[in-house]
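**Student:** Numbered according to full-length UniProt numbering, the sequence shown spans residues 1 to 191. Note that the Cβ used here is the ideal one computed from N, Cα and C, for glycine as well.
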Amino acid sequence: MTVSGGPFSGLTNWDLVTDSIDLARQVRSVSRLTGEFTLRSGRTATEYFDKYQFEADPVLLDQLAERLAVLIPEGTEVLAGLEMGGIAVVTALARHAKLPTAFVRKQAKQYGTARLAEGAEVAGRRVLIVEDVVTSGGQVVLSTNDLRKLGAHVDHALCVIDRQEGGSQALAAEGITLRALLTRAELDAAA
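Pasting the structure below:
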């Protein structure tokens, strides 16, 4: 079957699968570290995906953003990148999606605009949370709650990597559907 329309027009399903495997290999190759790492959740892991490595590579980041763009739910009005890792991803993604972007702080600064969400207005709009890696989903939940208090309608999140360690379930409990470009299982399979 050949894909019609969109950025992958003319490609077969086999091409898309092969492209996904290649992309997973690239991400794994540049960002997978082994050792002992403390995660944001406080848990210890022996494997870590250093997201800054794929975010710092402009060619790879652009490829990821192009693939992420097709996962944006219909009706999305604003892309909201979470501080700090989600900022590079959302900026690249906005180029492909042609949607306005908000940059979401973990907490509002006490100076300047003193805003939690800088850039595009979120009040009354359908906002998609954009993150680089989701493990427990903790920061996505916190930021979603903050954005909802500002009047944003948030029911989806999008990430480059879902580590498949409970984040999707934690988000679902808050009414948020997680869409991931790559999962840990896919990265493991690409080894």
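#1: How do the stretch 32-42 and the stretch 60-80 stand: do at least 3 beta-carbon pairs fall below 8 Å, yes or no?
#2: By the three-class DSSP mapping on this structure, what secondary structure does T46 have?
#3: Using the C-alpha atoms, what's the distance from A170 back to R95?
#4: I think H153 touches P73, with their Cβ atoms under 8 Å apart; what is that distance to the nearest whole Å?
#5: When you compare each of R163, T113, L60, L187 to V89 by their alpha carbons, which one comes out closest?
#6: State the DSSP-derived secondary structure class of L23, mapped to helix, strand or coil.
#7: For K106 and R25, what's the separation of their Cα atoms in angstroms?
#8: Any idea what DSSP makes of I129, helix, strand or coil?
#9: Per DSSP, what kind of secondary structure is V160 in: helix, strand or coil?
#10: When DSSP builds the beta bridges, which residues end up paired with L150?
#11: Should D146 be labelled buried (16 or more other beta-carbon atoms within 10 Å of its own) or exposed?
#12: Can you grab the Cα-Cα spacing for the pair V78 / I176, in whole Å?
#13: Mind checking D188: buried by the 16 CB within 10 Å criterion, or exposed?
#14: Between E165, V27, L158, which lies nearest to T44 when the distance is taken from Cα to Cα?
#15: Enumerate in chain order the residues of its own chain whose CB-to-CB distance from R163 is below 6 Å, with the five nearest sequence positions on each side excluded.
#16: Cutting at 8 Å between CB atoms, please list the residues of its own chain near L150, excluding the five before and the five after it.
**Tutor:** This is what the structure gives:
#1: Taking a cut-off of 8 Å for Cβ pairs, the stretch 32-42 and the stretch 60-80 do not touch, as fewer than three such pairs fall below it.
#2: It is a strand residue.
#3: When rounded, the separation of the alpha-carbon atoms in R95 and A170 is 30 Å.
#4: Distance from H153 to P73 at the Cβ level is roughly 11 Å; contact not present, criterion being Cβ atoms closer than 8 Å.
#5: Taking V89 as reference, the option from R163, T113, L60, L187 with the minimal CA-CA separation is L60.
#6: Three-state result, L23: helix.
#7: The straight-line gap from Cα to Cα measures roughly 31 Å.
#8: I129: strand per DSSP, three-state reduction.
#9: Strand.
#10: Note: L150 sits in no beta bridge, so no partner.
#11: Around the C-beta of D146, 16 or more other C-beta atoms lie within 10 Å, and the residue is accordingly described as buried.
#12: Looking at the two C-alpha atoms, the distance is approximately 16 Å.
#13: A residue is called buried once 16 or more other Cβ atoms fall within 10 Å of its Cβ, and D188, having fewer, is exposed.
#14: Out of E165, V27, L158, the CA that lies nearest to the CA of T44 is found in E165.
#15: For R163, the CB contacts under 6 Å within the same chain, skipping 5 residues up- and downstream, are T135, R184 in chain order.
#16: Here the set comprises L116, A117, V122, A123.
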